[in-house]
Amino acid sequence: MKKEYIKLDHSNKAEKGVVGAYEFEDHGHFVIYIPSLNISSYGSNKNEAREMLNESLDDFFQSMLYYDPEVAHYEMLKLGWKRDKLFKKKINDPPYVDVNGVLRDFDLSEDTKITQALIEV
Numbered sequence: 019m020k021k022e023y024i025k026l027d028h029s030n031k032a033e034k035g036v037v038g039a040y041e042f043e044d045h046g047h048f049v050i051y052i053p054s055l056n057i058s059s060y061g062s063n064k065n066e067a068r069e070m071l072n073e074s075l076d077d078f079f080q081s082m083l084y085y086d087p088e089v090a091h092y093e094m095l096k097l098g099w100k101r102d103k104l105f106k107k108k109i110n111d112p113p114y115v116d117v118n119g120v121l122r123d124f125d126l127s128e129d130t131k132i133t134q135a136l137i138e139v
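Under this note's numbering, the first residue of the sequence shown is numbered 19, with each subsequent residue one higher.
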């Protein structure tokens with residue numbers, strides 16, 4: 019499994035990375051949750067949820083790239099990420115949330131089927 023990371027390039031206003039996500043159904047809606055960014059999306063099907071997630075990720079990264087690099091770094095620290103010691107634009111080691119944490123955070127029953135995925139940003 020790839021390691022999660024995000025690279026914010028303020029000079030070129032670009033982001034690159036991989037983040038972990040959980041996917042599940044709740045009350046007839048499909049939900050995608052990225053705990054390391056505290057972003058979730060939903061839809062009546064997977065495609066709607068993915069479209070909403072893409073919009074949310076676009077908004078998130080536009081904000082991060084709008085900020086001064088040090089402010090963006092501080093915001094990522096508040097989410098639990100750490101700056102790479104060698105590559106200053108790279109942020110990694112996000113906080114880990116397991117399936118039990120997702121069940122608890124969304125108040126889901128223990129028999130809820132949850133799948134994990136990696137999403138490239």
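Ideal Cβ positions, reconstructed from N, Cα and C, are used throughout, including at glycine.
For this session: Take the Cβ of Glu148 as the centre, count every other Cβ of all protein chains shown within 10 Å, and call the residue buried at 16 or more, exposed below.
Result: With the chain covering only 19 through 139, there is no way to say anything about residue 148.
For this session: Please report how far the alpha carbon of Tyr40 lies from the alpha carbon of Asn30, in whole angstroms.
Result: In the sequence shown, residue 40 corresponds to position 22, counting from 1. In the sequence shown, residue 30 corresponds to position 12, counting from 1. Straight-line Cα distance between these residues: approximately 30 Å.
Exercise. Grouping DSSP H, G and I as helix and E and B as strand, with all else coil, what is Gly61?
Worked result: Here residue 61 refers to the residue found at position 43 when the sequence shown is read from its first residue. Looking at Gly61 - three-state DSSP - the assignment turns out to be strand.
For this session: Report the partner residues of His91 according to the DSSP bridge assignment.
Result: Here residue 91 refers to the residue found at position 73 of the sequence shown. DSSP, once it has assigned bridges, lists no residue as partnering His91.
Problem set entry | N- and C-terminal bounds of the alpha helix (DSSP H) containing Asn118 | Position 100 of the sequence shown, counting from 1, holds the residue named residue 118. Asn118 -> alpha helix (DSSP H) spans 117 to 123.
Exercise. Of all the options Gly119, Lys106, Ile52, Arg68, which has the alpha carbon lying nearest to the alpha carbon of Asp27?
Worked result: Along the sequence shown, one-based indexing puts residue 27 at 9. With distances taken between Cα atoms, Asp27 lies closest to Lys106.
Exercise. Going by the beta-carbon positions, is the gap between Val139 and Val49 smaller than 9 Å?
Worked result: What you label residue 139 is simply residue 121 of the sequence shown in a count that begins at 1. What you label residue 49 is simply residue 31 of the sequence shown in a count that begins at 1. No, the Cβ-Cβ distance between Val139 and Val49 is not below 9 Å.
For this session: Under the assumption that Leu126 contacts Leu97 (Cβ atoms under 8 Å), give the Cβ distance between them as a whole number of angstroms.
Result: Counted from its first residue, the sequence shown places residue 126 at position 108. Counted from its first residue, the sequence shown places residue 97 at position 79. Wrong, their Cβ atoms sit about 22 Å apart, outside the cutoff.
Problem set entry | C-alpha distance - Lys100 paired with Pro87, whole-angstrom precision | If you number the sequence shown from 1, residue 100 lands on position 82. If you number the sequence shown from 1, residue 87 lands on position 69. In a straight line, the C-alpha of Lys100 is about 14 Å away from that of Pro87.
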